[in-house]
Amino acid sequence: MFLKIKIILFIFVMTIMTVQLAQADTVNLLNGDKLTGKVSVMESGKLKLTTTYAGEITIDWGQVLSLDSDQKMEVFVKPDHKVGEEELASLVKAEQTKQVGTEKSIKTSKVAAINSRPKDYKLKGGIRAGWNKASGNTRKENIGASFDISYATGKNRWKTRGDHYWATSKGQRSDYNWLLSADYNRFLDKKIFLTGSGQIQQDQFQDLTLRSIIGTGLGYQFFNNDELTLSVEAGPAYVWEDYTSRDSREFVAAKWGINFDWWIFPDRLNLFHNQMGLVSMKNSDNWLWQSRSGIMFPIVDRFFGSFQYNYDWTNDPVPGKLQDDSRIMFNMGYSFSDFPKLFD
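Counted the way mature numbering (1 follows the signal peptide of the UniProt record, and there is no 0) counts, the sequence shown spans residues -24 to -1, 1 to 320.
This is how it looks when you write it as structure tokens:
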């Protein structure tokens, strides 16, 4: 009698274990390790797996070779990946086994999210400000503020930025200038995009009342991910310049731009460089170059500090004015997006 009960219990336990094992998800890693458990979600490049031996663990999706599951999951692929009818069917039918990373199914690099609807847009940017004041034999006060925003969805991307600097020396204004720009990019494929841009600028101590620039052209996106961004663009532009002591002028110009942003250490240090240049089609001596370069480092949450170097060159300035302007700044700022890997 007791033997029969033991046999029945043994069969029952083995049946339960078999069912649990059959329902378990299997995660195969690049290093050969194999993890079992239940996939809860994959978002922002992180896969969360609930296990009986370690609770919930987080796995870097970039380290996942393949994923096998017989549970119902919603797998979202990246917009640039065309899903075939067979693949689409395997994603929506609960009774079919979902395989990610195998030759017959979706590559892991093409998966945007699992059981979590990914954002159909990307927002980047931040605001920053710096201030310093000296008293005694030297009486100076400097204030600087700037912002930049980048919003992308589908094949469209909008960017805008602004700078404003103000300074006094011994009670007299010694620096006052501002700049505001906006760009629109329309991607023709993964790399090539059409661009349209506009910029207005004032610099009191360069005698520049207002400079307005409207341009268009083609661009090429070499890299565009959370850790590295690099793009170049070039095309024609039309420029209007109004001065206080010199006649206003307008001309057609060739315009170019470079945008570079690299997280050297993803959770510690960021290097950036942006530049814009243009040269008149009528007079090659009439050209200018504006650049913003520096490093940025996270402090806490989305707050950061930065050291920035601005260098502007005007090859044909108003008589009596210098060709170059430079500025070194330390700023504190707030980012509109999380820093890569900072909170993993």
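For each residue, glycine too, the CB sits at the ideal point set by N, CA and C.
Cα-Cα, which of the options is closest to residue i?
| i | options | result |
| --- | --- | --- |
| residue 45 | 33, 203, -1 | -1 |
| residue 36 | 3, 29, 142 | 3 |
| residue 224 | 239, 10, 294, 193 | 294 |
| residue 286 | 93, 7, 8, 155 | 155 |
| residue 214 | 229, 200, 51, 222 | 229 |
| residue 321 | 42, 298, 20, 136 | Because the chain here runs from -24 to 320, residue 321 falls outside it and cannot be looked at. |
| residue 54 | 48, 22, 89 | 89 |
| residue 86 | 236, 38, 101, 92 | 38 |
| residue 204 | 131, 240, 233 | 240 |
| residue 292 | 150, 7, 222 | 222 |
| residue 290 | 12, 283, 301 | 301 |
| residue 168 | 27, 151, 133, 190 | 133 |
| residue 137 | 146, 129, 147, 121 | 121 |
| residue 231 | 255, 218, 283, 246 | 255 |
| residue 265 | 127, 22, 233, 194 | 233 |
| residue 288 | 245, 177, 28 | 177 |
| residue 275 | 259, 246, 150, 253 | 246 |
| residue 257 | 243, 196, 211 | 211 |
| residue 47 | 23, 157, 312, 13 | 13 |
| residue 196 | 216, 190, 165 | 165 |
| residue 30 | 244, 11, 226 | 11 |
| residue 243 | 277, 284, 217 | 277 |
| residue 146 | 123, 117, 161 | 117 |
| residue 160 | 139, 190, 149 | 190 |
| residue 157 | 252, 217, 194, 200 | 252 |
For residue i, which of helix, strand or coil comes out of DSSP?
| i | result |
| --- | --- |
| residue 312 | coil |
| residue 27 | strand |
| residue 146 | coil |
| residue 86 | helix |
| residue 270 | strand |
| residue 337 | Not covered by the structure: residue 337. The range shown for the chain is -24 to 320. |
| residue 296 | coil |
| residue 303 | strand |
| residue 39 | helix |
| residue 291 | coil |
| residue 157 | strand |
| residue 68 | Low per-residue confidence applies at residue 68: pLDDT is 35, beneath 50, and the placement is therefore not dependable, though the value from the model is reported in the following sentence. Note: residue 68 maps to helix in three-state DSSP. |
| residue 97 | coil |
| residue 44 | strand |
| residue 262 | coil |
| residue 6 | coil |
| residue 74 | Confidence at residue 74 is low in this model, with a pLDDT of 49, below 50, so the placement of that residue should be treated as unreliable; the coordinate-derived value is given next. It is a strand residue. |
| residue 200 | strand |
| residue 91 | coil |
According to the Cβ coordinates, are residue i and residue j closer than 8 Å?
| i | j | result |
| --- | --- | --- |
| residue 272 | residue 106 | no |
| residue 248 | residue 270 | yes |
| residue 192 | residue 174 | no |
| residue 101 | residue 125 | yes |
| residue 6 | residue 41 | yes |
| residue 235 | residue 250 | yes |
| residue 183 | residue 219 | yes |
| residue 206 | residue 198 | yes |
| residue 97 | residue 127 | yes |
| residue 17 | residue 91 | yes |
| residue 279 | residue 310 | yes |
| residue 26 | residue 32 | yes |
Which residue marks the beginning of the beta strand (DSSP E) containing residue i, and which one marks its end?
| i | result |
| --- | --- |
| residue -1 | Counting along the chain, residue -1 falls outside any beta strand (DSSP E), and DSSP gives it neither H nor E. |
| residue 49 | It is not in any beta strand (DSSP E) - residue 49 carries neither H nor E in the DSSP assignment. |
| residue 18 | 10 to 19 |
| residue 277 | Here residue 277 belongs to no beta strand (DSSP E), and DSSP marks it neither H nor E. |
| residue 118 | 116 to 129 |
Next item on the list: Could you pull out every unbroken beta strand (DSSP E) segment of at least 3 residues lying fully inside the segment 164 to 191, listed in chain order?
Entry: 168 to 179
Item checked: Runs of beta strand (DSSP E) wholly within the segment 203 to 255 (minimum 3 residues, chain order) -> 204 to 219, 225 to 241
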